Amino acid sequence: MAKVRWGVIGCGGIAARGTIPEFKQMVSNAEITSVMDIDYAAFEANCPVSEQTHQEN
Numbered sequence: 004m005a006k007v008r009w010g011v012i013g014c015g016g017i018a019a020r021g022t023i024p025e026f027k028q029m030v031s032n033a034e035i036t037s038v039m040d041i042d043y044a045a046f047e048a049n050c051p052v053s054e055q056t057h058q059e060n
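Each residue of the sequence shown is one higher than the last, beginning at 4 in our numbering.
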């Protein structure tokens with residue numbers, strides 16, 4: 004089965020404690036390909052695994 008690739012807009016508490024974990028449990032072949040938040044502190048706190056930023060592209 005092909006992976007379901009999706010992005011997350013907003014990395015605050017709802018995404019970190021609800022949306023992302025629930026979706027990953029419900030969709031076994033889910034892959035998060037991108038995340039973003041205008042609040043960099045929320046991004047760093049809740050999405051600690053990041054390979055590159057949009058400035059690095």
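Just so it is clear, CB atoms sit at the ideal spot from N, CA and C, and this is done for glycine as well. Note that the coordinates shown come from a computational prediction; the quantities given were computed from them, not determined experimentally.
Within this structure, are the beta carbons of A18 and V11 separated by less than 8 angstroms?
In this structure, V11 lies closer than 8 angstroms to A18 by Cβ.
For G15 and F46, I'd like the C-alpha separation in whole angstroms.
In this structure, the alpha-carbon of G15 lies about 7 angstroms from that of F46.
With H, G and I counted as helix, E and B as strand and the rest as coil, what does DSSP make of T18?
In the sequence as presented, Thr is not what sits at residue 18; that position holds Ala. Three-state result, A18: helix.
May I ask which residues mark the beginning and end of the alpha helix (DSSP H) holding A45? Segment Y43 to N49, the alpha helix (DSSP H) holding A45.
Q. To the nearest angstrom, how far is it from the Cα of D42 to the Cα of I35?
A. Taken atom to atom, the span from the alpha-carbon of D42 to that of I35 is near 19 angstroms.
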